[in-house]
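Enquirer:
Protein chains: 2
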Amino acid sequence: MPATRWGDPAYATGLPDGVRDLVSLVFPIADRPAREDVTVPAPRLGDEQIAGLRGIVGDDHVVLDDATRRRRTRGKSTPDLLRQRSGDLSDAPDVVVRPASHDEVVAVLGYAQEQRIAVVPFGGGTAVTGGLVADLASGDLTGMLSLDLGRMRGLLGIDTVSSTATLEPGLRGPEAEALLAAHGLMLGHFPQSFEYATIGGFAATRSSGQSSAGYGRFDKMVVALRVATPAGEVRLGASPSNASGPDLREIFLGSEGAFGVITEVTVRVRPLPEVKEYEGWRWSSFAAGADAMRALAQSDLLPTVLRLSDENETMINLADPSGIGGEGNAGCLMITGYEGTPAAVAAKKAAVTAALTELGGTPAGSEPGEAWAHGRFNAPYLRDSLLDNGVLVETLETVTFWSNRENLYTRVKTALEETLGEGTLVLCHVSHVYATGCSLYFTVAAPGGEDPLAKWLPAKAAACEAIVAAGASITHHHAVGTDHKPYLTAEIGEVGVDVLRAVKRAVDPAGILNPGVLIP
Amino acid sequence: MPATRWGDPAYATGLPDGVRDLVSLVFPIADRPAREDVTVPAPRLGDEQIAGLRGIVGDDHVVLDDATRRRRTRGKSTPDLLRQRSGDLSDAPDVVVRPASHDEVVAVLGYAQEQRIAVVPFGGGTAVTGGLVADLASGDLTGMLSLDLGRMRGLLGIDTVSSTATLEPGLRGPEAEALLAAHGLMLGHFPQSFEYATIGGFAATRSSGQSSAGYGRFDKMVVALRVATPAGEVRLGASPSNASGPDLREIFLGSEGAFGVITEVTVRVRPLPEVKEYEGWRWSSFAAGADAMRALAQSDLLPTVLRLSDENETMINLADPSGIGGEGNAGCLMITGYEGTPAAVAAKKAAVTAALTELGGTPAGSEPGEAWAHGRFNAPYLRDSLLDNGVLVETLETVTFWSNRENLYTRVKTALEETLGEGTLVLCHVSHVYATGCSLYFTVAAPGGEDPLAKWLPAKAAACEAIVAAGASITHHHAVGTDHKPYLTAEIGEVGVDVLRAVKRAVDPAGILNPGVLIP
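Chains as they are written, first to last, in my numbering: chain X, 67 to 586; chain D, 67 to 586.
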């Protein structure tokens with residue numbers, strides 16, 4: 067199983083001329099050195115510990131070589147890439163352990179607890195908020211093992227009557243979809259990390275995909291979970307919804323590996339769509355387009371895909387140079403997508419078209435929609451080329467209620483522009499909507515300067531503080547990790563944090579699971 | 067504020083002739099003595115403690131008289147009514163305390179913690195699973211106060227842009243709807259307890275209403291909560307959905323007063339519907355009707371109301387004598403209801419009608435639908451008259467995935483029939499559907515015999531054991547209380563129970579909140 071190729075020079079997408087030209091309007095593109103070939107620190111685990119782990123999963127699945135450890139170091143945020151480029155591999159795991167089953171996960175957790183080894187569950191490695199960085203100091207731990215779930219990639223069962231499927235956590239997005247497609251079924255979860263990220267990771271981080279308007283967030287697709295914790299196994303989800311006390315599924319969803327290792331996920335599935343149609347709409351302003359999205363969401367009339375770029379993103383369209391930022395731009399571009407049976411697509415499209423026309427939108431035809439669909443997973447590849455060219459580029463996201471959308475947008479944009487200074491481009495889109503609110507997804511580009519990491523970190527902090535000051539959530543779908551941890555208390559309060567700590571003590575009394583992640 | 071009138075002789079509905087005739091076909095109706103006028107036990111709290119509570123909420127809002135204490139004793143399950151009728155008021159609270167604000171709730175909790183007094187939050191008093199019975203022995207407690215939230219009945223704010231409203235917990239269903247209707251808005255939560263049950267109770271028990279197909283369960287309507295716990299205040303819900311770790315709203319929803327007192331609930335609201343249309347459909351069998359419901363749910367094509375009675379309920383229609391069990395019955399009756407704008411209702415009705423026709427349903431016109439809508443809140447009144455006539459009648463409910471529906475139905479029905487013996491009538495309906503499953507709501511009637519309570523309890527236990535054996539949830543919307551507590555471990559596991567205990571210790575270290583409820 068290859069590690070994710072985001073950040074891997076072999077898979078970097080060359081900077082398209084169009085983007086190069088547009089970016090060069092704003093700041094000069096410089097040549098940057100390629101990342102150094104550096105070695106990882108010496109493993110902290112002893113031979114006996116390695117032998118113990120080999121006894122559980124087999125010799126072949128306890129991996130110690132530098133290349134594997136390097137690929138399991140941190141995730142794929144821009145700071146992660148910059149640290150890797152600068153040769154800082156201080157967060158490398160001591161060993162990569164690849165269990166094949168729930169029972170092997172249980173055994174590894176038991177051994178790690180006994181030996182006081184930190185366990186960092188690893189799926190696709192696409193974490194962008196520092197969720198793969200263990201803090202050994204916090205718990206008197208002797209080392210860190212990366213628990214690679216890549217051997218647990220089965221489709222364990224399909225219930226066609228209930229429209230559910232049970233999946234193993236190591237399945238990547240395309241693998242899960244291919245297994246389901248063989249039965250005429252689909253999960254319908256397409257985050258930008260789709261190609262690499264895994265079912266377990268989607269659940270552990272409350273991922274949300276590009277078809278969330280039609281198919282919902284990943285956490286809403288989950289009906290049952292099996293979790294291995296150091297305190298024992300947890301099986302949750304005897305029914306779709308119930309009144310059997312607090313919904314404990316919602317405690318393990320979003321737990322980011324700190325409460326247990328998710329070993330099975332049962333999700334709602336759907337028939338494969340017979341028809342897929344994507345199209346564009348043009349709006350006079352970001353606010354006008356957002357108001358239209360709100361009207362659709364509040365009348366429960368949502369297409370499968372619904373996205374809106376702000377004026378800057380519509381103009382530059384850094385995230386997808388091939389498509390929607392084409393000629394004749396003015397105002398803001400919205401993408402609407404419809405998937406399903408021909409009859410359902412026709413009915414929904416007619417109703418949405420009538421509503422958007424009434425609200426003042428201008429149809430922009432199918433070309434922008436198809437272009438978006440074609441390039442939807444490309445942005446992270448492009449980022450590597452931008453970094454190569456001295457452009458600092460990163461994304462961040464948040465979510466709030468509709469009445470706070472404009473305030474949040476202005477605060478975050480201003481914070482980024484003011485902190486990063488001249489030449490900064492802030493782009494934004496809305497790609498996830500609810501009846502009561504929406505996400506805001508920002509892409510930031512700025513000249514990297516001598517030390518891009520030192521330049522970015524204060525900007526990220528300023529953006530986070532702006533989100534907190536606006537009363538919004540610190541993350542819509544990137545999760546907390548270590549990067550957002552300092553801001554979680556403001557969102558859930560001291561008592562909320564105490565509840566998380568109490569749950570942690572109950573399921574992981576020795577504190578071996580992803581120490582330092584999530585919980586302040 | 068009157069206590070709920072279910073079980074109050076003054077508000078009992080006389081047994082309609084039609085029901086009397088139908089019931090007498092099955093078992094003879096006997097005359098039963100009216101409940102005795104009994105006195106409540108002497109209060110266990112001392113004068114100093116009463117004075118302390120008066121100092122917080124004022125003299126007028128610390129109520130000690132027998133009538134008030136009697137009305138706050140237990141809830142409204144049939145066992146609750148039977149115990150009350152038999153003169154057993156051993157679970158009466160020592161005092162009823164009526165705070166006017168979040169801050170007064172906080173102060174009462176602080177005082178109760180200091181004095182080791184159990185606190186049982188009280189909303190509408192419509193609990194049917196023993197959720198209002200405190201177990202003082204478990205925590206070395208000196209007495210029990212009923213925390214009546216009836217003075218906290220404000221509409222604290224409306225956000226018309228985000229379509230949310232913030233409500234106080236003591237608002238009864240009709241009061242909340244009336245306050246919202248003044249703004250052209252609606253919550254749309256209509257459980258059978260609608261007339262008495264409160265916003266706080268809906269949240270604390272994960273209530274689900276008769277329009278759940280269109281408007282969702284109550285827990286899905288909630289976007290934010292304010293909770294007073296002995297450990298401090300919790301405010302949750304910075305956004306509709308997010309990835310800021312576990313969703314702690316889902317820990318306080320369904321917490322049944324054991325984790326804190328919900329003092330504010332922010333919910334999604336909707337425009338008042340311009341049109342409401344209800345109609346009937348007839349199906350050859352319960353299975354055929356249920357398959358049709360499943361098809362609608364799995365194609366995301368749900369009307370606002372969707373209910374299906376099994377053959378027995380269609381025939382007898384004990385739950386609503388005035389309507390749907392009319393002449394010419396054969397097979398099973400389904401009710402479909404549509405609410406919204408004229409255009410939306412017409413479009414949805416056309417699509418659902420086409421689907422149900424294709425699936426083999428026979429339209430039964432608007433009469434059964436309107437009859438259902440007219441009598442929808444009447445069943446609990448009728449129950450009192452049945453009890454007066456020596457008929458033991460009770461309801462229970464569960465929820466499972468679609469593929470397990472028939473197994474669950476057969477197991478529970480058989481368990482009830484076998485335990486209660488000859489002359490037992492078991493009726494069932496499906497009134498809440500999901501893409502992946504549905505609820506089953508049973509109404510049971512049997513001759514009461516000499517000791518109806520002694521007759522019922524083994525039947526309830528057998529039904530619960532059947533639910534557990536079928537792998538379903540012990541409750542879809544009645545909550546856990548004390549009645550379902552013995553079965554919760556089977557559903558969420560030992561580790562799940564440990565998580566609940568850990569949360570309890572974090573938010574209520576002295577164990578004063580609803581002791582003995584919910585947590586095994």
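Glycine is no exception: its CB is placed at the ideal position from the N, C-alpha and C atoms.
Under 7 Å between beta-carbons, which chain D residues line up against G503 of chain X? List them in chain order, please.
Expert: S228, S305, P306
Enquirer: If you follow the beta strand (DSSP E) that G355 of chain X is part of, which residue opens it and which one closes it?
Expert: Segment 352-364 is the alpha helix (DSSP H) holding G355 of chain X; no beta strand (DSSP E) there.
Enquirer: Label S229 of chain D either buried or exposed according to how many other C-beta atoms from any shown protein chain fall within 10 Å of its C-beta, with 16 as the threshold for buried.
Expert: buried
Enquirer: Distance cutoff 9 Å, beta carbons only. Does D376 of chain X sit that close to anything in chain D?
Expert: no
Enquirer: I578 of chain D touches chain X at which residues, Cβ-Cβ below 8 Å?
Expert: Going along chain X, no residue has its Cβ under 8 Å from I578 of chain D, so there is no contact; the nearest lies around 16 Å.
Enquirer: Using the three-state DSSP reduction, which class does H495 of chain D fall into: helix, strand or coil?
Expert: Here DSSP, grouped into helix, strand and coil, assigns H495 of chain D to strand.
Enquirer: Do you know whose CA, among X:I317, X:E299, X:T295, lies nearest D285 of chain X's CA?
Expert: For the set X:I317, X:E299, X:T295, the Cα lying nearest the Cα of D285 of chain X is the one of X:I317.
Enquirer: Would you give the residue range spanned by the alpha helix (DSSP H) that E488 of chain D belongs to?
Expert: Neither: E488 of chain D is in no alpha helix (DSSP H) and is coded neither H nor E.
Enquirer: In three-state terms, what does DSSP make of T195 of chain D?
Expert: Assigned with DSSP and collapsed to three states, T195 of chain D falls in coil, not helix or strand.
Enquirer: Quick one: which chain D residues come within Cβ less than 7 Å of Q364 of chain X?
Expert: Under the 7 Å cutoff, chain D gives S229.
Enquirer: Taking 8 Å as the cut-off, is the beta-carbon of S305 of chain X closer than that to any non-hydrogen atom of the ligand COA?
Expert: With respect to the ligand COA, the structure shown offers nothing to examine, as it has no ligands at all.
Enquirer: Could you confirm whether any beta carbon from chain D is found closer than 9 Å to the beta carbon of D549 of chain X?
Expert: Not flagged as an interface residue toward chain D: D549 of chain X, since no C-beta distance is shorter than 9 Å.
Enquirer: Smallest Cα separation from T480 of chain X: which of X:S375, X:V371, X:K526?
Expert: X:K526
Enquirer: Please confirm if the segment 244-259 of chain D is in contact with the segment 268-275 of chain D, defined as three or more CB-CB distances below 8 Å between the two stretches.
Expert: Taking 8 Å as the limit for Cβ pairs, the verdict is that the segment 268-275 of chain D does touch the segment 244-259 of chain D.
Enquirer: Which word fits E340 of chain X, buried or exposed, when buried means at least 16 other C-beta atoms lie within 10 angstroms of its C-beta?
Expert: exposed
Enquirer: If you follow the beta strand (DSSP E) that G209 of chain X is in, where does it begin and where does it stop?
Expert: 209-214
Enquirer: Just verifying my parser: in three-state terms, what is the DSSP assignment at Y262 of chain D?
Expert: Looking at Y262 of chain D - three-state DSSP - the assignment turns out to be coil, as it is neither helix nor strand.
Enquirer: Which runs of the alpha helix (DSSP H), 4 residues or longer, sit entirely within the segment 223-276 of chain D?
Expert: Counting only runs of 4+ residues, the alpha helix (DSSP H) found wholly inside the segment 223-276 of chain D occupies 239-247, 265-271, in chain order.
Enquirer: Under three-state DSSP, which class holds F325 of chain X?
Expert: In the structure shown, the three-state DSSP call for F325 of chain X is coil.
Enquirer: May I ask which residues mark the beginning and end of the alpha helix (DSSP H) holding T555 of chain X?
Expert: Following the DSSP letters along the chain, one finds T555 of chain X inside the alpha helix (DSSP H) bounded by residues 554-573.
Enquirer: Please report the straight-line C-alpha distance between A96 of chain D and G487 of chain D, rounded to a whole angstrom.
Expert: Interpretation of A96 of chain D is limited by its pLDDT of 42, a score under 50 that renders its predicted location unreliable; the figure taken from the coordinates is listed afterwards. Approximately 18 Å, taken between the alpha carbons.
Enquirer: Span of the alpha helix (DSSP H) holding G441 of chain X?
Expert: 433-441
Enquirer: Once DSSP output is grouped into helix, strand and coil, what is the label at Y447 of chain D?
Expert: Three-state DSSP puts Y447 of chain D in a helix.
Enquirer: Taking the DSSP output, what are the residues bridged to V163 of chain D?
Expert: Per DSSP, D:V128, D:L213.
Enquirer: Report the rounded CA-to-CA distance for G392 of chain D versus P446 of chain D, giving the unit in angstroms.
Expert: Because the pLDDT at G392 of chain D is just 46, under 50, the model does not fix this residue reliably, and the value given afterwards should be weighed accordingly. Approximately 20 Å, taken between the alpha carbons.
Enquirer: For the beta strand (DSSP E) that contains A511 of chain D, what are its first and last residues?
Expert: 503-513
Enquirer: Is there contact between the segment 264-273 of chain D and the segment 346-364 of chain D, where contact requires at least three CB pairs shorter than 8 Å?
Expert: No, because fewer than three Cβ pairs between the segment 264-273 of chain D and the segment 346-364 of chain D fall closer than 8 Å, the two stretches do not touch.
Enquirer: Do V199 of chain X and T548 of chain X come within 9 Å of each other at the CB atom, strictly closer than that value?
Expert: Between T548 of chain X and V199 of chain X, the C-beta spacing is below 9 Å.
Enquirer: So which residues of chain D does H543 of chain X contact, with C-beta pairs closer than 7 Å?
Expert: A309
Enquirer: Do R136 of chain D and D214 of chain D count as a contact pair if the criterion is CB distance below 9 Å?
Expert: No. Outside cutoff.
Enquirer: Return the chain-ordered list of same chain residues with a C-beta closer than 6 Å to the C-beta of T502 of chain D, the five sequence neighbours on each side being excluded.
Expert: F467
Enquirer: Going by the CB atoms, is the gap between V289 of chain X and R334 of chain X shorter than 9 Å?
Expert: yes
Enquirer: Run through chain D and tell me which residues come within less than 8 Å of L246 of chain X, C-beta to C-beta.
Expert: Those do not exist, as L246 of chain X stays about 15 Å from chain D at its closest Cβ, beyond 8 Å.
Enquirer: Quick one: list the residues of chain D neighbouring S143 of chain X, beta-carbon separation under 9 Å, in chain order.
Expert: In chain order: nothing, as chain D lies at least about 14 Å away.
Enquirer: Quick check on the DSSP output: the beta strand (DSSP E) that includes P312 of chain X runs from which residue to which?
Expert: Careful: P312 of chain X lies outside any beta strand (DSSP E) and carries neither H nor E.
Enquirer: Which residues does DSSP pair with R292 of chain X in a beta bridge?
Expert: Beta-bridge partners assigned by DSSP to R292 of chain X: X:R301, X:E330.
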